[in-house]
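Right, one structure below, let's go through it.
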Amino acid sequence: MLKAVSACLLVCASLLAWADGGAGGSKGAKSTPSVKLPGPAFAALETITPDHIRWHVRYLSHDLLEGRGTGQRGGDLAAEYMATQFAEYGLRPAGDHGTYMQKVPLVGITTLSETQFTLVPKQGEAMNLRPLDEFVAYDQTQQSQSDVDADIVFVGYGIEAPEYNWDDYKNTDVRGKVLLMLVNEPPSDDPKFFKGKALTYYGRWTYKYEEGLRRGAVGVILVHQTQMASYPWEVVRNSNSGEKSFLKIEGPALKIASWVQLDVAARLASASGMNLEKMMKDAQSRDFHPVNMKAKLKARMVSKVRNFESNNVVAMLPGSDHKSDEAVIYTAHYDHFGIRPDMPGDNIFNGADDNATGCGILLEVARAFGSSAQKPRRSIIFAAVTAEEQGLLGSEYLGKHPPVAAGKITLDLNYDDVKPLGAPEEVEVSGAERTTFYPSVEATAKEFRLAIRPDARPEAGQFYRSDHFSLARVGIPSFSINEGMKYKGHAETWGLEQERDYVEKHYHQPSDEYHPEMDFVGDSAMARFGFALGWEAASLPKRIEWQKGDEFEAARMKSGGK
Numbered sequence: 005m006l007k008a009v010s011a012c013l014l015v016c017a018s019l020l021a022w023a024d025g026g027a028g029g030s031k032g033a034k035s036t037p038s039v040k041l042p043g044p045a046f047a048a049l050e051t052i053t054p055d056h057i058r059w060h061v062r063y064l065s066h067d068l069l070e071g072r073g074t075g076q077r078g079g080d081l082a083a084e085y086m087a088t089q090f091a092e093y094g095l096r097p098a099g100d101h102g103t104y105m106q107k108v109p110l111v112g113i114t115t116l117s118e119t120q121f122t123l124v125p126k127q128g129e130a131m132n133l134r135p136l137d138e139f140v141a142y143d144q145t146q147q148s149q150s151d152v153d154a155d156i157v158f159v160g161y162g163i164e165a166p167e168y169n170w171d172d173y174k175n176t177d178v179r180g181k182v183l184l185m186l187v188n189e190p191p192s193d194d195p196k197f198f199k200g201k202a203l204t205y206y207g208r209w210t211y212k213y214e215e216g217l218r219r220g221a222v223g224v225i226l227v228h229q230t231q232m233a234s235y236p237w238e239v240v241r242n243s244n245s246g247e248k249s250f251l252k253i254e255g256p257a258l259k260i261a262s263w264v265q266l267d268v269a270a271r272l273a274s275a276s277g278m279n280l281e282k283m284m285k286d287a288q289s290r291d292f293h294p295v296n297m298k299a300k301l302k303a304r305m306v307s308k309v310r311n312f313e314s315n316n317v318v319a320m321l322p323g324s325d326h327k328s329d330e331a332v333i334y335t336a337h338y339d340h341f342g343i344r345p346d347m348p349g350d351n352i353f354n355g356a357d358d359n360a361t362g363c364g365i366l367l368e369v370a371r372a373f374g375s376s377a378q379k380p381r382r383s384i385i386f387a388a389v390t391a392e393e394q395g396l397l398g399s400e401y402l403g404k405h406p407p408v409a410a411g412k413i414t415l416d417l418n419y420d421d422v423k424p425l426g427a428p429e430e431v432e433v434s435g436a437e438r439t440t441f442y443p444s445v446e447a448t449a450k451e452f453r454l455a456i457r458p459d460a461r462p463e464a465g466q467f468y469r470s471d472h473f474s475l476a477r478v479g480i481p482s483f484s485i486n487e488g489m490k491y492k493g494h495a496e497t498w499g500l501e502q503e504r505d506y507v508e509k510h511y512h513q514p515s516d517e518y519h520p521e522m523d524f525v526g527d528s529a530m531a532r533f534g535f536a537l538g539w540e541a542a543s544l545p546k547r548i549e550w551q552k553g554d555e556f557e558a559a560r561m562k563s564g565g566k
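Going by our numbering, the sequence shown opens with residue 5, and the numbers climb by one from there.
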């Protein structure tokens with residue numbers, strides 16, 4: 005039935021493309037500068053056009069697909085669309101049992117209104133927090149009800165990093181406690197200390213939950229600060245309201261994984277006779293020790309629990325010679341936040357930029373590879389992954405269950421949120437410099453007349469926030485491709501303003517929608533650039549590796565990559 009519906013919607017997609025007529029900012033495909041590719045591959049690259057990507061983006065972000073929510077009808081329709089396109093391009097299924105679908109077992113958790121979340125200082129009045137306005141929380145044990153009555157301990161940034169001589173815990177026993185901690189990392193301009201302004205994985209909320217669990221805590225409360233997190237509270241609220249998905253647990257889990265607004269933490273500190281600003285300043289020192297907040301969290305987590313499956317959509321173009329047992333993989337997530345029925349007004353999170361754009365590019369690169377009269381030496385895998393917005397879950401599952409052994413995958417090229425703003429003069433490939441492939445990246449960027457821009461927002465930790473990170477964790481050299489901040493016909497400040505406006509007004513909001521004036525020339529350029537990189541990676545005599553000493557080198561060695 006779903007396939008029949010998907011087929012009908014593919015007709016709708018064609019009609020939408022016809023109605024759009026390619027209108028808007030896209031000026032059509034421009035001839036690519038001299039790129040070192042075999043003739044048939046170059047001819048295939050030249051078929052990549054802005055309007056092909058536009059049509060995919062318009063369809064995938066249309067209200068018909070209801071925001072492509074994980075485990076929702078719209079998400080399933082998006083997966084069917086991706087699979088149908090892969091089949092049209094002549095790519096082989098690389099999912100389960102000879103299909104394009106790799107089933108990902110998930111658990112959906114909806115925190116219900118009966119949930120109580122109360123901060124109780126030993127002196128002063130209890131603070132009954134308002135859901136979504138003052139806190140968000142999920143029960144990661146995947147139970148319908150969990151009760152917590154535990155002391156709160158402030159652990160600074162909640163980091164233990166021996167390589168930086170940093171330990172916020174100082175051997176403090178936090179078993180059975182609720183840990184209050186700051187987002188991000190201790191601030192520094194020293195690139196040898198937590199990489200300076202660039203966020204490492206130690207600053208990500210996922211690490212903080214993981215570390216709290218490793219130490220036996222029953223709950224973690226993260227203190228949100230817009231500047232430190234690099235996104236406003238609305239992003240936290242929208243990312244953590246409604247149903248949230250998790251991979252099925254295989255061991256202990258936090259009863260409470262939560263965020264609170266900064267002023268909530270300040271009021272709690274004040275009620276306990278403390279000053280949050282001073283505590284935050286103290287947390288920037290190596291001499292910091294955990295602080296008993298003289299308060300408890302009394303909470304009852306009441307959840308609706310739903311077991312379901314979602315799909316990664318995986319296709320393969322077999323390689324042409326004895327290296328065909330190795331592969332290059334392209335990834336992009338197709339999911340977004342779906343529909344929020346309880347939200348007034350526009351409640352469809354269409355996700356045009358995030359990440360219909362990446363899917364449009366993935367499909368166009370796949371089509372180009374499939375059309376080439378000459379095939380690359382190594383196989384090429386295309387994976388449209390699910391549940392990225394839920395915490396990189398689809399790509400995590402893909403990394404644990406790859407269609408080709410992780411040690412034989414030479415490179416992952418990921419696309420996520422490639423804004424259609426026109427012709428770029430720069431490309432961002434943050435993380436590429438950590439691989440032995442970087443000289444090829446530099447050479448290819450030069451051929452495309454693209455300057456390589458350093459990460460525009462290193463403090464945001466973008467490397468750890470998209471699906472390539474999941475594959476890096478299993479050792480696969482990985483990075484994302486995106487435009488920089490400088491576009492033809494505009495000053496650099498214009499690009500920075502567009503990025504800031506998007507983060508503040510549209511990121512993870514219903515307003516992330518398709519508009520006819522979007523200019524997909526840049527998305528086409530990123531597709532062509534990625535096609536050339538993938539062909540090069542698939543043709544090298546040796547597999548790509550992480551640079552010596554990189555944090556993922558050990559995982560690569562474990563996977564058999566070296």
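For each residue, glycine too, the CB sits at the ideal point set by N, CA and C. Since we're looking at a predicted model, the values are computed, not measured.
Under the three-pair Cβ rule at 8 angstroms, the region 435-445 counts as touching the region 481-488. DSSP places residue 466 in the helix class (H, G or I) of the three-state scheme.
The criterion of a C-beta distance shorter than 8 angstroms is not satisfied by residue 365 and residue 522.
Residue pairing for residue 421: DSSP places it in no beta bridge. Put simply, the backbone Cα of residue 496 is about 50 angstroms away from that of residue 177.
Residue 116 sits exposed, since fewer than 16 C-beta atoms from the chains shown fall within 10 Å of its C-beta. Rounded to whole angstroms, the Cβ separation of residue 208 and residue 468 is 5 angstroms, and the two are in contact under 8 angstroms.
The alpha-carbon separation between residue 283 and residue 174 amounts to approximately 16 angstroms.
When the five nearest sequence neighbours on each side are left out, the beta carbons in the same chain lying within less than 8 angstroms of the beta carbon of residue 492 are those of 426, 427, 428 and 429, in order along the chain. Runs of the beta strand (DSSP E) lying entirely within the region 457-527, each at least 3 residues long, are 482-484 in chain order. Residue 113 sits close to residue 146, with the two beta carbons spaced by under 8 angstroms. Less than 8 angstroms divides the Cβ of residue 328 from the Cβ of residue 382. Residue 142: member of the beta strand (DSSP E) spanning 139-142, first to last residue.
Within 10 angstroms of the beta-carbon of residue 101 lie fewer than 16 other beta-carbons, which makes it exposed. Here the region 290-301 makes no contact with the region 341-361; the two share fewer than three CB pairs at distances below 8 angstroms.
Residue pairing from DSSP places residue 337 in a beta bridge opposite 389. When the beta-carbon positions are compared, residue 185 and residue 222 stay at least 8 angstroms from each other.
Residue range 361-375 is occupied by the alpha helix (DSSP H) that includes residue 365.
Residue 441 sits close to residue 548, with the two beta carbons spaced by under 8 angstroms. Residue 198 carries a coil assignment under DSSP once its states are collapsed to helix, strand and coil. For the region 279-328, the continuous beta strand (DSSP E) assignments of 3+ residues that do not extend past its boundaries occur at 295-321, in sequence order. Segment contact: the region 307-324 against the region 389-396, three or more CB-CB distances shorter than 8 angstroms; contact assigned. Shown here for residue 500: same chain residues with a beta carbon closer than 6 angstroms to its own, the five before and five after excluded, namely 489 in chain order. Residue 269 holds the alpha-carbon nearest to the alpha-carbon of residue 158 among 525, 368, 554 and 269.
For residue 125, the enclosing beta strand (DSSP E) starts and ends at 120-125.
The region 328-339 makes no contact with the region 118-136: fewer than 3 CB pairs, one atom from each, lie closer than 8 angstroms.
For the pair residue 526 and residue 424, the CB atoms are nearer than the 8 angstroms cut-off. Rounded to the nearest whole angstrom, the C-alpha separation of residue 286 and residue 234 is 22 angstroms.
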